[in-house]
C-alpha cells in the first residue's frame, strides 16, 4: 500500500467515523451533498459577515444576526427581496439571491454559536 | 435540505468548513504533511482580512503578515476627517488584535521570487511560503500629468493614501481664507474608491459651509461621468447650493499641467488659480506587484477570477485594488470580500481540493452631509466569463429617498465602518 492509498483509506475511515459520532442523517442526498450545501451557505454568508459580524454580532449600528433563528432570517430576507422591508441597502442585496440561497444563508447564521 | 442540530452543523463547519465535496475531512494532506505556510503581503483591507480568515478557516496553517506600518490609517472615512466629523485617531488601526494568532512582521517586502517561493524583506530577512496572498493596494503614476510628481505632492496633497497626506490637506483647508477656492482633481478610471473624490468634495463643502461660507469647491474631472453622480449632485444642490461645481473632462475638467508652487492648473481653456489643490493622480498596482512581474500592460494584475491566483505566477494570489476582478470596483469592502473567498480558496488548494465558485459583494456608503448618507450595493457571481455583477439586484439609494431614509443611511455608514474594521483589525 502506497502512502497515498493509506492516506485515502484513513480519510474514508475518519469520514465514516465522523458521520457515526455526530449521528448525521444525510438522507437521500448523502453526506457530500449536505456538506456541499453547508459550504455554499458559508460562502454566500461571507458577504453578510462584513457588516453583520463574523459571528453574527455587529460591532456598530448594523443589526446583529446572532441569536436569531434561521426561520426568522429567511423570512426577513424574503421580505426584503419582495420589496416589503423598510427601504435600505438590504432590499438591493436580497434581490441577488435565489430562495434556495436565502435558505442556506439563513441556516448558516441561524446555527451560529 | 436535511436538518442538522446546531451542534452538528457547527462541528461540520469547524472540521474543515463542511470540508470538501469529497468527504467531511477534505483531502488528507494536513494530517501528514508539514504545516502549510501562507505569507500575506500588505495589511490593508484585503491583506489583514485574508490573514485573519485563513487562520480562522484552518488554524493549522502558519500565517505571516508583512506590513510596513504599525498604525494603518484607512482611506474610507478619511474624508470624514477632512469634513471635521472624525479625527485621525478614529481611522487608525493597529495589528495588536491579530498578533495572538498571526505572525505580524512590521517590515516591507522588497522582492518576491516566485520560483523559489520566497519573499525578501527590506530588513534583510527572507521568508518562504507555500502560497502567498498579495494585497499591495495602489501606487500613483507620478508624472502622468505634467508637473505632478512625488515632490509636488508635498505642496499639493493627493490625500489618497490616508495618513500624513490627509493631515496636510486638512491643514491647508483650515489655513485657507474665507472666500477661497478648493480645486479637487479627480482621476480617470480605474482608480481606488470611485465615489471617494465626490464624497470628499461633499465633506470639504460641509466644512467650508460651517467655517468659510464664501468659499467654493471646484471638481476638475478627467471623466465625463462619475459614481453615484445623480445622488451626489442632488445632495450638493440641496445642502450647499452652488458651493460645489463639477466640471467634466470636456468642459474644462481635464488637467493638462499643474504648477504646485504657484497653485495653478492648466486646462484646455487656460490657466486657473486655486487656494488649495487636492490632486488625485492616475493609479496602478502597488510597486511590489509591478516589480514582481504580476502586472500586465494595463499596470494591474490579471488573476484567475475564481481563486484570485495570479495568471503571471502560480501560488501567488493578488487581491484588492491591485487585481483585475471583472465587474468589481476597487474599494475597501471589495478587497475584504475578495480576501474572504481567497482565504477559502487558499485553504482548499493547500488541502488539494478544487475551490468552490466564489460569491462576492460590495457595499459602499458615502456621506454627502452630516446626516445625509447614500449607498451602492452589488453582488457578484463567478462564471466562465469571470466575475460579473448580478443583474436585477444591487444598485443605489433611491433619488426619491426622504430625509429620514438619508439620515438612516448616514447612521448605517458609521455602522458599516465599525463592522468592517472590527472584522479586519479586531
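Chains as they are written, first to last, in the working numbering: chain A, 1 to 113; chain B, 114 to 539.
Ideal Cβ placement from N, Cα and C applies to all residues, glycine included.
In this text, all values refer to a predicted model and were calculated from it rather than measured experimentally.
Item	Value
Beta carbon proximity, residue 113/A to chain B, threshold 7 Å	yes
7 Å CB neighbourhood of residue 432/B in its chain, flanking five on each side removed	159, 163, 246, 248, 421, 448, 451, 452 and 455
Distance, residue 444/B Cα to residue 498/B Cα	22 Å
Same chain, Cβ closer than 7 Å to residue 414/B, neighbours up to 5 away in sequence not counted	398, 402, 407, 408, 423, 431, 435, 436 and 437
Residue environment, residue 228/B, which counts as buried when at least 16 other CB atoms sit within 10 Å	exposed
Cβ of residue 458/B within 7 Å of any chain A Cβ	no
Inter-stretch contact at 8 Å, needing at least 3 Cβ pairs: the region 310–319 of chain B / the region 343–355 of chain B	yes
Beta carbon proximity, residue 416/B to chain A, threshold 7 Å	no
7 Å Cβ cutoff, residue 360/B in contact with chain A	no
Per-residue DSSP class, three states only, for residue 35/A	helix
Bridge partners - residue 415/B, DSSP secondary structure assignment	437/B
Distance between residue 500/B and residue 143/B (C-alpha atoms, nearest Å)	With a pLDDT of 46 at residue 143/B, under the threshold of 50, the modelled position of that residue is not reliable, and no figure is offered here.
Boundaries of the alpha helix (DSSP H) in which residue 534/B is found, first to last residue	516–538
Where the alpha helix (DSSP H) containing residue 348/B begins and where it ends	342–353
Through-space distance from residue 381/B to residue 250/B, alpha-carbon basis	32 Å
Residue 506/B (DSSP reduced to helix, strand or coil)	coil
Residue 243/B - DSSP class collapsed to helix/strand/coil	coil
Contacts that residue 58/A makes with chain B (C-beta to C-beta distance below 9 Å)	528, 531, 532 and 535
Cβ contact check for the region 477–493 of chain B and the region 520–536 of chain B: 3 or more pairs under 8 Å	yes
is_contact[residue 324/B, chain A] using C-beta, thresh 7 Å	no
Interface flag, residue 102/A vs chain B, CB-CB below 7 Å	no
C-alpha gap between residue 515/B and residue 48/A, whole angstroms	26 Å
Cβ contact (3+ pairs, closer than 8 Å) linking the region 504–511 of chain B and the region 92–103 of chain A	yes
Backbone CA spacing between residue 218/B and residue 179/B [nearest angstrom]	5 Å
Neighbour-count burial assignment, residue 527/B, 16 or more Cβ in a 10 Å radius	buried
Chain A residues whose Cβ lies nearer than 7 Å to that of residue 446/B	50
For residue 471/B and residue 282/B, the rounded distance between their alpha carbons	39 Å
Sufficient close CB pairs (3 or more, under 8 Å) joining the region 203–213 of chain B to the region 295–304 of chain B	no
Span separating the alpha-carbon of residue 394/B from that of residue 67/A	47 Å
Min CB distance residue 95/A to chain B below 7 Å	yes
Beta-carbon gap between residue 152/B and residue 232/B smaller than 7 Å	yes
Alpha carbon of residue 370/B to alpha carbon of residue 377/B, nearest angstrom	8 Å
Entirely enclosed beta strand (DSSP E) segments - the region 177–242 of chain B, minimum 3 residues	184–186, 205–207, 216–218, 222–226, 231–234 and 239–241
Span of the beta strand (DSSP E) around residue 390/B	389–392
6 Å Cβ shell around residue 140/B - same chain, five flanking residues per side excluded	Annotation note: pLDDT 44 at residue 140/B (below 50); position unreliable, no value reported.
Whole-angstrom C-beta distance between residue 253/B and residue 342/B, which should lie under 8 Å	Contact flag wrong, Cβ pair sits at about 24 Å.
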